[in-house]
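Inspection log for the structure reproduced underneath, given as structure tokens.
Numbering (UniProt numbering), first residue to last: 1 to 190.
So this is what it looks like as structure tokens:
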């Protein structure tokens, strides 16, 4: 058996390296079901020389929706987050400048496996055509946080508009009175 094909192939293009490796902080501490391990073991490539480095449960976690979903249409900008691991009082949604900041934090708690603490901060830059002052957020009973910013209402200018005139009183009289009340300086003439 020759080692030439192994040495001259581009091993970085191997399918195990093409899969992104991410730490899924939102599902940290959740146990895997027996089915998750069995399903991934069947679909796991046997021919890879790097199979000892690939964790079979990573594909099960990748199937879960662990990130946020951003939706933008002609009416609104919307962010949908799965925050089921946090209590409602542990989540804050703020606006800062032209950004929406979502933060979730709970201190160290004890669960059946030991101690766990979670913290995340996500910042979303709001497009200019959306109104930062009208941002609203809702939290469903199953832990889905939805943050919505409507588009700014653009009212096209009408053809003609009458501008009202506000009367303030005599402006010329106060200017003349002010100039008369100033002392006059007389210059000596020779």
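By construction, the Cβ of each residue, glycine as well, lies at the ideal position given by its N, Cα and C atoms.
Computed from a predicted structure; not experimentally measured.
Just verifying my parser: in three-state terms, what is the DSSP assignment at residue i?
i           : result
residue 150 : strand
residue 75  : coil
residue 90  : helix
residue 134 : helix
residue 104 : strand
residue 142 : coil
residue 113 : coil
residue 123 : strand
residue 99  : strand
residue 161 : coil
residue 166 : coil
Quick check on residue i: buried or exposed, where buried means 16 or more other Cβ atoms within 10 Å of its Cβ?
i           : result
residue 153 : exposed
residue 91  : buried
residue 119 : exposed
residue 194 : The first residue shown for the chain is 1 and the last is 190, placing residue 194 beyond what the model contains.
residue 87  : exposed
residue 97  : exposed
residue 114 : exposed
residue 104 : buried
residue 140 : exposed
Hey, residue i and residue j are a contact pair by Cβ (cut 8 Å); roughly how many whole angstroms apart?
i           : j           : result
residue 147 : residue 102 : 7 Å
Ignore the nearest five residues each way along the sequence and tell me which others in residue i's own chain have a CB closer than 6 Å to its CB.
i           : result
residue 123 : 99 and 101
residue 80  : 69 and 146
residue 137 : 93 and 147
residue 95  : 132 and 135
residue 71  : 78
residue 108 : 115 and 117
residue 159 : none
residue 193 : Residue 193 is absent from the model: the chain starts at 1 and stops at 190.
Below 7 Å, is the gap between the Cβ of residue i and the nearest heavy atom of the ligand HEM?
i          : result
residue 80 : The ligand HEM is not part of this structure, which contains no ligands at all.
Closer than 8 Å by C-beta to residue i: which residues in its own chain qualify, once you throw out the five before and the five after it? Chain order, please.
i           : result
residue 143 : 82, 83, 84, 85 and 86
residue 127 : 72 and 77
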